[in-house]
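Each remark here refers to the structure printed beneath this line.
Protein chains: 2
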Amino acid sequence: MSVLCLPSVNYPENIVTNKEMVTFVDKYHKSVSHKKTAIRMINNTTIEKRHVILPFEELIKLDTFGIRSELYERYAKALSLTSAKKALLNSKLKKENITMVIVTSCTGFMMPSLTVHLINELGLNADTIQMPIAQMGCVGGAYAINRATEHCALSPNNNVLIVALETSSLCFHKNASRLQDFVSDSIFGDGAASVVMRADEAYSGIKITATKTFIINDTEEYIKYSMTDNGFKFSLDKDVMYSVKKVAPIMKEFIISKLGAVDKIDFFVSHTGGKRILDEVEEHLFLKPGTLFHSRESLRLFGNTSSVSVIDVLARHFEGRKKGDKGVISAFGPGFTTEIAVGEWVSSA
Amino acid sequence: MSVLCLPSVNYPENIVTNKEMVTFVDKYHKSVSHKKTAIRMINNTTIEKRHVILPFEELIKLDTFGIRSELYERYAKALSLTSAKKALLNSKLKKENITMVIVTSCTGFMMPSLTVHLINELGLNADTIQMPIAQMGCVGGAYAINRATEHCALSPNNNVLIVALETSSLCFHKNASRLQDFVSDSIFGDGAASVVMRADEAYSGIKITATKTFIINDTEEYIKYSMTDNGFKFSLDKDVMYSVKKVAPIMKEFIISKLGAVDKIDFFVSHTGGKRILDEVEEHLFLKPGTLFHSRESLRLFGNTSSVSVIDVLARHFEGRKKGDKGVISAFGPGFTTEIAVGEWVSSA
């Protein structure tokens, strides 16, 4: 068993509002036949703003893969380090106590990865186990929590630093004009979030008591990344909308088997996804209205920050929780993959 | 404790000989000042041929990132599936017994990753844990073995399918003309290798008894991948030549602490790297001449196949081993990261 400490979350200073997105579509894609539909969908995202590494007018100019990659390396290193330092402080552990670093980041690519950068810059032990994860996409944050739980199960001396870092805005392509391009260009945001998992449980936080991962057969097309000549390009199949309905029974069975009943849980830390995804989670798991309040707040203020989002939502849940509260952490991503964990609020005091 | 079963290894049919590489440099880089040095270095690689997914004349024409990525997806899916099926057969396990799939592949990028493809195509359990690893580079094969060992330590019912897949030839850039470009263009090869690790030890193979990972501080520049406008681009700093000297004392200390003495080991499964890397491993670990025979053979026949190579070398070691033999598995990669394991030959018969 192991405990998730208070996360740290940080966002770049530049802001894109959804009003700006509407103006952008209006200006650069005047004659696209589905412009009206696009604008309606943008207005329905419930996202007020997103934080991005560059001013919107510079994002619009982004061009080649090479430039995007250089920007990724620069901002990814800076944002992840700030975030990791704070999470380490929060955990009250010494840097020497960290035995594994998991970095999830799907909006750029570096080799050596950010795990090496963080081990060097934080001065972690040379024998820290690295786990750089690029290909789990939006499920990355929950994925990292589940893998960290397994590492902590091996020894009470194990402690994992989890860092999620996304620069979704580097996947923005000015000329992309499919309806799904407008949608993804208006929901994804940038940010970094880190959290330490302690195997010794000497911390007030969520003790993870069980984890599960599963994929739904033949849904590889739902969420895809292609590497195009000009950079990573995101694709969301419209069938992704049916995914939650498909995974809900499995999630429900898992929650019931571990916590007794879904309607008795005290908290639900859900990846933000988008408004529709959150509505579907609420509907198909029969959650009480308001259960996903923190996810909706995170979505409203920062958009869908991919692997970062579930840790941002986790941080929000730290206020007002009491010992013994039981709940769920979950996220979805390409595959279609679900990672879910259940846990209990513990207090070390 | 867990046992590595007999690996399966497969290579594409097209061949590039080092003679062809010399002809290529002569023809396309006639006036490069370091042409003679390049040709001498190519002749000194001890590599006779490498297997590649496309005929050399087509590799020379490779251009954009988009095309390389499409080719990667097509060949990566086919090669990895063939390889995984064979390894599963070798392990004598049913597909339902696999609890985790690790895929290491650093010469292309897919999301969803090959882990999803393999779970779907092999019909593995929907709750198989995925571990897609792109950023560990050449150390990937040994990295996967060490992470699989940790997974197997959690339950005697755990079994891991490890698949390494590389299409290094897709990182070939005709116009790249630095000395290090010619060197890397003449050492890296394509291929796939898979191996199953069984936690129940009911198999004749190598039982892993201890693992270790470590990075050397401030050596991030030794091995790098950049994402350029035209595809992944590999960079080898000349200082990488000093890396083995730096890591050898740590490897030695680990081997002695676990197996008593370096000169008493019966086998050494080393990632191939290159001739110089193997010479340095032999020299700085004071290995008996001939200890790295299988690594040198793999290098001669297939070049450095990155994360694939250590599993190819492992397969070669399955002939002639006897119960109780003790030895080492190790590889190097970006970071500069070393992953090392020690183990003992066990027989289930």
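These protein sequence lines are chains G and B, in that order.
End of the first sequence sits at 349 in my numbering; the numbers just go up one at a time, nothing left out.
End of the second sequence sits at 1349 in my numbering; the numbers just go up one at a time, nothing left out.
The C-beta atom is built at its ideal place from N, Cα and C for all residues, glycine as well.
- Message: For G:Asn39 and B:Ser1295, I'd like the C-alpha separation in whole angstroms.
- Response: Taking the first sequence and counting its residues from 1, the one referred to as residue 39 of chain G is at position 39. Taking the second sequence and counting its residues from 1, the one referred to as residue 1295 of chain B is at position 295. In the sequence on display, residue 39 of chain G carries Ile and not Asn. G:Ile39 and B:Ser1295 have their C-alpha atoms some 60 Å from each other.
- If contact means a Cβ-Cβ distance below 9 Å, which residues of the stretch 1131-1159 of chain B contact chain G? Listed by position, the residues of the stretch 1131-1159 of chain B near chain G (Cβ gap below 9 Å) are Met1131, Pro1132, Ile1133, Ala1134, Gln1135, Met1136, Gly1137, Tyr1143, Asn1146, Arg1147, Glu1150, His1151, Ala1153, Leu1154.
- Which residues mark the beginning and the end of the beta strand (DSSP E) in which G:Ser194 is found? Along the first sequence, read from residue 1 onward, the residue named residue 194 of chain G stands at position 194. Start and end: 190-198.
- Message: With a threshold of 7 Å on Cβ separation, who are the neighbours of B:Pro1007 within its own chain once the five nearest residues in sequence on each side are excluded?
- Response: Counting from 1 along the second sequence, the entry for residue 1007 of chain B is found at position 7. Closer than 7 Å at the Cβ level, and outside the excluded window around B:Pro1007, lie Ala1087, Ala1193, Ser1194, Val1195, Ile1311, Leu1314, Ala1315.
- Message: Check whether the stretch 1032-1050 of chain B and the stretch 1061-1070 of chain B are in contact - that is, three or more C-beta pairs closer than 8 Å.
- Response: At 8 Å Cβ cutoff, the stretches do not touch.
- Item | Residue-chain proximity (B:Met1241, chain G), Cβ-Cβ < 8 Å | The residue you call residue 1241 of chain B lines up with position 241 of the second sequence. Using beta-carbon distances, B:Met1241 does not count as an interface residue toward chain G, since no partner is under 8 Å.
- 8 Å Cβ cut-off: residues of chain B touching G:Lys212: Here the question's residue 212 of chain G lines up with position 212 in the first sequence. Here the neighbours are Asp1127.
- Residue from G:Ser2, G:Lys322, G:Leu259, G:Lys275 with nearest C-alpha to G:Thr46: Within the first sequence, numbered from 1, the residue matching residue 46 of chain G stands at position 46. For G:Thr46, the nearest C-alpha among the options comes from G:Lys275.
- Message: Rounded to the nearest angstrom, what separates B:Asn1090 and B:Glu1201 at their Cα positions?
- Response: What you label residue 1090 of chain B is simply residue 90 of the second sequence in a count that begins at 1. What you label residue 1201 of chain B is simply residue 201 of the second sequence in a count that begins at 1. If I take the Cα positions, the gap works out to 14 Å.
- Query: Along the chain, which unbroken stretches of the alpha helix (DSSP H) at least 4 residues long are found entirely within the stretch 276-313 of chain G?
  - Reply: For secondary structure counted as the alpha helix (DSSP H) over 4 or more consecutive residues, the stretch 276-313 of chain G holds these complete runs in sequence order: 293-302.
- Message: Looking at the strands, I want to know which residues DSSP matches up with B:Lys1212.
- Response: Here residue 1212 of chain B is taken as the residue at index 212 of the second sequence, counted from 1. In the DSSP output, where bridge partners are listed per residue, B:Lys1212 has B:Ile1340.
- Item | Closest by C-alpha distance to B:Ser1226, when choosing among G:Lys49, G:Gly189, G:Ile256, G:Leu71 | To locate residue 1226 of chain B, count along the second sequence from 1; it is residue 226. Its Cα nearest to that of B:Ser1226, the residue G:Leu71 stands out among G:Lys49, G:Gly189, G:Ile256, G:Leu71.
- Message: Based on DSSP bridge pairs, tell me the residues matched to G:Lys207.
- Response: The residue labelled residue 207 of chain G in the question sits at position 207 within the first sequence. G:Lys207 pairs with G:Val3, G:Glu344.
- Message: Tell me which residues share the same chain as G:Ile42 and place their Cβ nearer than 6 Å to its Cβ, disregarding the 5 neighbours each side in the sequence.
- Response: Position 42 of the first sequence, counted from the first residue, corresponds to residue 42 of chain G. For G:Ile42, where only same-chain residues beyond five positions count, the Cβ hits under 6 Å are Asn18, Met21, Val22, Ser186.
- Query: Which chain G residues sit within Cβ distance under 7 Å of B:Tyr1225?
  - Reply: Position 225 of the second sequence, counting from 1, holds the residue named residue 1225 of chain B. Correct list: Met111.
- Query: Got a sec? Which residues, its chain only, sit under 8 Å from B:Ile1256 by beta carbon, not counting five neighbours each side?
  - Reply: The residue labelled residue 1256 of chain B in the question sits at position 256 within the second sequence. Once the five neighbours on either side are set aside, the close Cβ partners of B:Ile1256 are Val1262.
- Item | Contacting residues, own chain, Cβ-Cβ under 7 Å from B:His1284 (five flanking each side not counted) | Locating residue 1284 of chain B in the second sequence gives position 284, counting from the first residue. Closer than 7 Å at Cβ, skipping near neighbours: Val1244, Lys1245, Ala1248.
- Where B:Asn1119 and B:Ala1142 are concerned, what is the direct C-alpha to C-alpha distance, given to the nearest angstrom? Within the second sequence, numbered from 1, the residue matching residue 1119 of chain B stands at position 119. Within the second sequence, numbered from 1, the residue matching residue 1142 of chain B stands at position 142. Here residue 1119 of chain B is Ile; the residue named in the question, Asn, does not match the sequence. Distance between the alpha carbons of B:Ile1119 and B:Ala1142: 22 Å.
- Item | Neighbouring residues, chain G, relative to B:Val1116 (Cβ below 8 Å) | Along the second sequence, one-based indexing puts residue 1116 of chain B at 116. Residues of chain G passing the Cβ test: Ile215, Glu220, Pro334, Gly335, Thr337.
- Task: Give the secondary structure of B:Gly985 by DSSP, where H, G and I count as helix, E and B as strand, and everything else as coil.
- Result: There is no way to answer for residue 985 of chain B, as the model of chain B reaches only from 1001 to 1349.
- Item | 9 Å Cβ cut-off: residues of chain G touching B:Gly1066 | Along the second sequence, one-based indexing puts residue 1066 of chain B at 66. Per Cβ cutoff of 9 Å: Ser226, Met227, Thr228, Asp229, Asn230.
- Query: Should G:Asn230 be labelled buried (16 or more other beta-carbon atoms within 10 Å of its own) or exposed?
  - Reply: To locate residue 230 of chain G, count along the first sequence from 1; it is residue 230. With 16 or more other Cβ atoms within 10 Å, it is buried.
- Message: Measuring CB atoms only, is the stretch 337-349 of chain G touching the stretch 205-214 of chain G, in the sense that at least three cross pairs come out at less than 8 Å?
- Response: In short, these stretches touch, since the Cβ pair count reaches three.
- Message: Helix, strand or coil for G:Asn14? Go by DSSP, reduced to three states.
- Response: Reading the first sequence from its first residue, position 14 is the one you call residue 14 of chain G. The answer is strand: DSSP assigns G:Asn14 an E or B state.
- Query: Do G:Asp190 and G:Thr167 have their C-beta atoms within less than 8 Å of each other?
  - Reply: Taking the first residue of the first sequence as position 1, residue 190 of chain G is located at position 190. Taking the first residue of the first sequence as position 1, residue 167 of chain G is located at position 167. Cβ distance < 8 Å, so G:Asp190 and G:Thr167 count as in contact.
- Could you give the distance in angstroms between the alpha-carbon of G:Pro12 and the alpha-carbon of G:Leu54? Locating residue 12 of chain G in the first sequence gives position 12, where the first residue counts as 1. Locating residue 54 of chain G in the first sequence gives position 54, where the first residue counts as 1. If I take the Cα positions, the gap works out to 8 Å.
- CB of B:Glu1121 within 8 Å of CB of B:Leu1079, strictly: What you label residue 1121 of chain B is simply residue 121 of the second sequence in a count that begins at 1. What you label residue 1079 of chain B is simply residue 79 of the second sequence in a count that begins at 1. Contact flag unset, no.
- Query: Closer than 7 Å, Cβ to any Cβ of chain G: which residues of the stretch 1043-1070 of chain B, in chain order?
  - Reply: Those residues of the stretch 1043-1070 of chain B that come within reach of chain G (Cβ to Cβ, closer than 7 Å) are Thr1064, Phe1065, Gly1066, Ser1069.
- Query: Which one or two residues does DSSP pair with B:Pro1055 in a beta bridge?
  - Reply: The sequence position of residue 1055 of chain B within the second sequence is 55, counting from 1. Under DSSP, no beta-bridge partner is assigned to B:Pro1055.
- Message: So, at 6 Å on beta carbons, what are the nonlocal neighbours of G:Tyr75 in its own chain, with the 5 sequence-adjacent residues on each side left out?
- Response: Taking the first sequence and counting its residues from 1, one reaches residue 75 of chain G at position 75. Closer than 6 Å at the Cβ level, and outside the excluded window around G:Tyr75, lie Ile53, Thr167.
- Item | Own chain partners of G:Met110 with C-beta closer than 6 Å, once the 5 adjacent residues on each side are dropped | On the first sequence, position 110 is the one that residue 110 of chain G refers to. Closer than 6 Å at the Cβ level, and outside the excluded window around G:Met110, lie Glu73.
- Along chain G, in chain order, which residues have C-beta atoms closer than 7 Å to that of B:Ile1119? Here residue 1119 of chain B corresponds to residue number 119 of the second sequence, with the count starting at 1. Under the 7 Å cutoff, chain G gives Ile215.
- Query: Whose Cβ in chain G lies nearer than 9 Å to the Cβ of B:Cys1106?
  - Reply: Here residue 1106 of chain B corresponds to residue number 106 of the second sequence, with the count starting at 1. Those are Met111, listed as they occur along chain G.
- Query: Hey, which unbroken runs of the beta strand (DSSP E) at 3 residues or more fall wholly within the stretch 1216-1281 of chain B?
  - Reply: Qualifying beta strand (DSSP E) stretches, in chain order: 1223-1228, 1231-1236, 1267-1270.
- Item | Backbone CA spacing between B:Asn1010 and G:His151 [nearest angstrom] | Position 10 of the second sequence, counting from 1, holds the residue named residue 1010 of chain B. Position 151 of the first sequence, counting from 1, holds the residue named residue 151 of chain G. Separation of B:Asn1010 and G:His151 (C-alpha to C-alpha, rounded to the nearest whole angstrom) is 32 Å.
- Counting pairs of beta carbons, one from the stretch 1130-1148 of chain B and one from the stretch 232-239 of chain G, are three or more of them closer than 8 Å? Segment contact: the stretch 1130-1148 of chain B against the stretch 232-239 of chain G, fewer than three CB-CB distances shorter than 8 Å; contact not assigned.
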